[in-house]
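Novice: In my numbering, each number is its position in the sequence shown, counted from 1, plus 141.
Using N, Cα and C, we set each Cβ at its ideal position, and we do this for glycine too.
What follows is a structure written as structure tokens; I'll ask about it next.
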Amino acid sequence: MRRNSNVFLGAILVAVGAVFLAFNYDLIDFEYSFKAIAKFWPVLLILAGVAVLLNEKKSFYNPTTALLVAFAIPLGIYSAASNGVDEISEGFKDEFHLNWDEDDDWDDDDRGSYNKGSEGVRKGSLTEQKFSVPMSNGLEEANLNFGGGAAEFLLSESKSDLFAATTLLHSGNYRLSDELINNRHEIDFEMKSRKNNAFDFSDGDHNKIYLELSTKPVWTIDMGIGAGDLKFDLSEFKVKDLDIHTGAASIDVKLGDELQRVNVDVESGVAKVAISVPEKVGCEIKMDGALNSKDFDNFQKKGNSTWRTADFEDADKKIYIKVSSALTAVSVNRY
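Okay, here's the thing in structure tokens:
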């Protein structure tokens with residue numbers, strides 16, 4: 142029996158080693174099959190039980206069983222996590238009332254005229270603030286750093302100002318600071334320190350952040366979203382650098398072809414990230430991190446963590462996407 146157990150253990154080690162060797166040399170496409178393979182983690186527990194029966198002492202504490210259980214545990218966690226990413230994202234939307242409304246009309250009674258540094262006006266259970274930064278003559282570049290907690294973030298084009306915003310919050314306040322340096326405008330738009338004051342997730346209207354940007358300058362955007370719902374159509378904006386830092390959020394970004402090169406850097410936790418890129422722009426994706434779900438249609442794999450469009454090398458305009466994440470569902474599609 143001991144000989145059978147040793148043969149069984151040796152076969153498992155040979156099989157596992159062969160799979161990882163093939164993966165390292167791109168002999169198999171492990172990225173697309175790993176999620177499906179992970180669903181068979183209970184088979185490892187069955188084999189672990191067989192190993193106990195084959196063991197001459199019928200002991201659970203034998204090398205083969207320990208090895209199989211050691212593989213089964215992370216695969217089981219991955220399988221549950223990958224299937225739960227969408228559920229978690231949807232749960233945040235339902236719990237925090239962060240449902241996206243495609244037909245949301247911005248010209249409603251909640252908006253009105255802008256002024257810089259509004260102290261806030263109470264409207265029912267929400268406090269409204271309004272901010273704006275005027276457009277400067279000869280402005281070439283603008284940097285926007287903004288962030289927030291659980292809220293719905295919406296974006297549109299500003300026809301007159303460089304930047305404008307309206308916030309509708311249950312609690313907390315935003316602050317705006319800006320500085321003009323030569324032909325570059327620096328804008329910081331973030332929540333004030335609340336000292337244990339959190340958003341109120343009670344029934345009723347949810348938190349909303351309305352942003353407006355000018356399409357004239359070249360933008361660098363750095364955004365940090367904790368838990369929320371963000372859908373930005375940036376196809377008409379000149380965005381050269383886009384940094385996204387998010388926790389448990391749903392991020393949907395559409396990029397354009399206004400510039401020769403665009404850099405996108407995504408750092409996320411348990412999130413859902415969808416990025417749309419133009420069909421005529423070459424795109425490269427580099428992704429680091431384990432336990433992620435990937436959907437890169439019309440991309441070719443170039444290495445263990447790199448994907449490119451077929452026309453990448455010859456494309457005049459290129460988008461570079463870098464993703465560092467933990468338990469994230471990431472999709473990149475071309476339109």
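Between the region 380-400 and the region 438-456, do at least 3 Cβ pairs fall closer than 8 angstroms?
Specialist: no
Novice: Under three-state DSSP, which class holds P204?
Specialist: Taking the sequence shown and counting its residues from 1, one reaches residue 204 at position 63. In the structure shown, P204 sits in a helix (DSSP, three-state: H, G or I).
Novice: Taking all protein chains shown into account, decide if I322 is buried (16 or more other Cβ within 10 angstroms of its Cβ) or exposed.
Specialist: Taking the first residue of the sequence shown as 1, we reach residue 322 at position 181. Exposed, by the Cβ-count rule.
Novice: Count the other CB atoms within 10 Å of the CB of I362; is the residue buried (16 or more) or exposed (fewer)?
Specialist: As a first step, residue 362 must be located in the sequence shown, where it is residue number 221. Classification of I362: buried, given that the 10 Å Cβ count is 16 or more.
Novice: Would you kindly check if the distance between the Cβ of E353 and the Cβ of D302 is under 8 angstroms?
Specialist: Taking the first residue of the sequence shown as 1, we reach residue 302 at position 161. Taking the first residue of the sequence shown as 1, we reach residue 353 at position 212. A contact, by the Cβ cut-off of 8 angstroms.
Novice: DSSP on F373, reduced to helix/strand/coil?
Specialist: For the purposes of this step, residue 373 is identified with residue 232 of the sequence shown, where counting begins at 1. Residue state, collapsed to three classes: strand.
Novice: Would you list the one or two residues that DSSP bridges to Y320?
Specialist: Counted from its first residue, the sequence shown places residue 320 at position 179. Reading the sequence as shown, one finds Glu at residue 320 and not Tyr. DSSP, once it has assigned bridges, lists E327 as partnering E320.
Novice: Measure the alpha-carbon distance for V307 versus L216 and round it to whole angstroms.
Specialist: Against the sequence shown, residue 307 aligns to sequence position 166. Against the sequence shown, residue 216 aligns to sequence position 75. The sequence shown places Thr at residue 307, not Val. Their backbone Cα atoms lie some 45 angstroms apart in a straight line.
Novice: Measuring alpha carbon to alpha carbon, tell me which of V464, G279, N286, S312 ends up nearest Q270.
Specialist: What you label residue 270 is simply residue 129 of the sequence shown in a count that begins at 1. Considering only alpha carbons, the answer is S312.
Novice: Could you tell me which whole alpha helix (DSSP H) segments of length 4 or greater appear in the region 350-416?
Specialist: none
Novice: I'd like the list of long-range same chain contacts for S472, defined as Cβ closer than 6 angstroms, with 5 residues on each side in sequence excluded.
Specialist: Here residue 472 refers to the residue found at position 331 when the sequence shown is read from its first residue. A415, D436, listed in sequence order.
Novice: Just the C-alpha distance for Y173 and G279, rounded to the nearest angstrom, thanks.
Specialist: Indexing the sequence shown from 1 puts residue 173 at position 32. Indexing the sequence shown from 1 puts residue 279 at position 138. Legend: pLDDT at Y173 = 44, less than 50; position of this residue unreliable, value from coordinates given subsequently. One C-alpha to the other measures close to 49 angstroms.
Novice: DSSP on A305, reduced to helix/strand/coil?
Specialist: Translated into positions along the sequence shown, residue 305 becomes position 164. DSSP places A305 in strand when its eight states are reduced to three.
Novice: Leaving aside the five residues before and after W247 along the sequence, list all residues of the same chain whose C-beta is less than 6 angstroms from its C-beta, in chain order.
Specialist: For the purposes of this step, residue 247 is identified with residue 106 of the sequence shown, where counting begins at 1. Reliability of the predicted coordinates at W247 is poor, the pLDDT of 40 falling under 50, and no value is obtained from them.
Novice: If you reduce the DSSP assignment to three classes, tell me which class P275 lands in.
Specialist: If you number the sequence shown from 1, residue 275 lands on position 134. In this structure, P275 counts as strand in the three-state DSSP scheme.
Novice: Following the continuous alpha helix (DSSP H) through G190, name the residue where it begins and the one where it ends.
Specialist: Stepping through the sequence shown from its first residue, residue 190 is reached at position 49. 182-195 is the span of the alpha helix (DSSP H), which, as asked, contains G190.
Novice: Exposed or buried, V422, counting other C-beta atoms within 10 Å across all chains shown (16 or more means buried)?
Specialist: As a first step, residue 422 is located in the sequence shown; it is residue number 281 there, counting from the start. Around the beta carbon of V422, 16 or more other beta carbons sit within 10 angstroms, so the residue counts as buried.
Novice: Roughly how many angstroms separate the alpha carbons of T356 and S466, rounded to a whole number?
Specialist: Here the question's residue 356 lines up with position 215 in the sequence shown. Here the question's residue 466 lines up with position 325 in the sequence shown. So the alpha carbons of these two residues sit roughly 30 angstroms apart.
Novice: Which residue comes first and which comes last in the beta strand (DSSP E) that contains E494?
Specialist: Look at the range of the chain in this structure, 142 to 476, and you will see that residue 494 is not part of it.
Novice: Give the straight-line distance between the Cα atoms of V274 and H326, rounded to the nearest whole angstrom.
Specialist: In the sequence shown, counting from the first residue as 1, residue 274 sits at position 133. In the sequence shown, counting from the first residue as 1, residue 326 sits at position 185. Their Cα atoms are separated by approximately 10 angstroms.
Novice: Go ahead and pull the three-state DSSP assignment for V210.
Specialist: The residue given as residue 210 occupies position 69 in the sequence shown. Correct three-state label for V210: helix.
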